[in-house]
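Here is the structure we will look at, set down as structure tokens.
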Amino acid sequence: MANTIHPEVTWAQRSSDSDPERNYLYVNLKTPDVPRADAKLSITASNVSFTGTSGKGVTYSVSLDLYAEIDPENSKVNHTDREVELVLRKKELKLEYWPRLLKDSKKVHFLKTDFDKWVDEDEQDEAAEDDYANNFGGFGGDDAGGLSNIDFSKLGGMGGAGGMPDLECGTNVGQQDDLPELEEADGKSKIQEVS
Numbered sequence: 001m002a003n004t005i006h007p008e009v010t011w012a013q014r015s016s017d018s019d020p021e022r023n024y025l026y027v028n029l030k031t032p033d034v035p036r037a038d039a040k041l042s043i044t045a046s047n048v049s050f051t052g053t054s055g056k057g058v059t060y061s062v063s064l065d066l067y068a069e070i071d072p073e074n075s076k077v078n079h080t081d082r083e084v085e086l087v088l089r090k091k092e093l094k095l096e097y098w099p100r101l102l103k104d105s106k107k108v109h110f111l112k113t114d115f116d117k118w119v120d121e122d123e124q125d126e127a128a129e130d131d132y133a134n135n136f137g138g139f140g141g142d143d144a145g146g147l148s149n150i151d152f153s154k155l156g157g158m159g160g161a162g163g164m165p166d167l168e169c170g171t172n173v174g175q176q177d178d179l180p181e182l183e184e185a186d187g188k189s190k191i192q193e194v195s
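Each residue of the sequence shown is one higher than the last, beginning at 1 in the UniProt record's numbering.
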């Protein structure tokens, strides 16, 4: 295997001392063009290993010895054309974050923090409601791309009818008191017909 490289690995995490559903790691293996059929992924309590060959002949291989144990039975995998997304449930319920992803504290060139998913430890309760892992769908061979469980009505915070914002055209929709009267008090129309 002359053309074997480490994939870029990004990660983030959440922690909870009471709720296992909010106690997990996000780990993404950047493995472009590796078909699911040509990939070998192994998840144990203390290790994640991946080997796969892309359609361009590049073989990606990585073995991650984790800082602490995870629960493989309650972890999730989504293999896309660009990456392998993992949501790994931490075994021990603790409020504190892991200090690092790997057991070894030595810096690894292919491992990076996923700042798109990272939330500081003291701010994680604010982000937990719409958190990515709780909406992470499309597992088990579903080709939905991991979007099947996302509630799109929570995205964008748009009001108005049908999720569309009220448009202003001189008056606000729904504020009837600002509209001019169409009839005078004696029942005659204020609108003149043009012939």
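Glycine is no exception: its CB is placed at the ideal position from the N, C-alpha and C atoms.
Could you check whether residue j and residue i sit closer than 9 Å to each other, using their CB atoms as the reference points?
i    : j    : result
L86  : I43  : yes
E69  : K91  : yes
V48  : I5   : no
E83  : K117 : no
P72  : A45  : yes
K107 : D65  : no
E123 : E96  : no
V119 : A12  : yes
L88  : S105 : no
S16  : P32  : no
P7   : Y60  : yes
Tell me the DSSP bridge mates of residue i?
i    : result
K112 : T10
T51  : K40 and S61
D71  : R89
N28  : T10 and E85
T80  : Note: T80 sits in no beta bridge, so no partner.
L66  : L102
K94  : S16
Which whole-angstrom value describes the C-beta separation of residue i and residue j, a residue pair presumed to lie in contact below a C-beta threshold of 8 Å?
i   : j    : result
N23 : L111 : Between L111 and N23 the Cβ distance is about 21 Å, and since that is not below 8 Å, they are no contact.
V34 : G52  : 4 Å
D81 : T10  : The Cβ separation is near 17 Å, so there is no contact.
H79 : R36  : 5 Å
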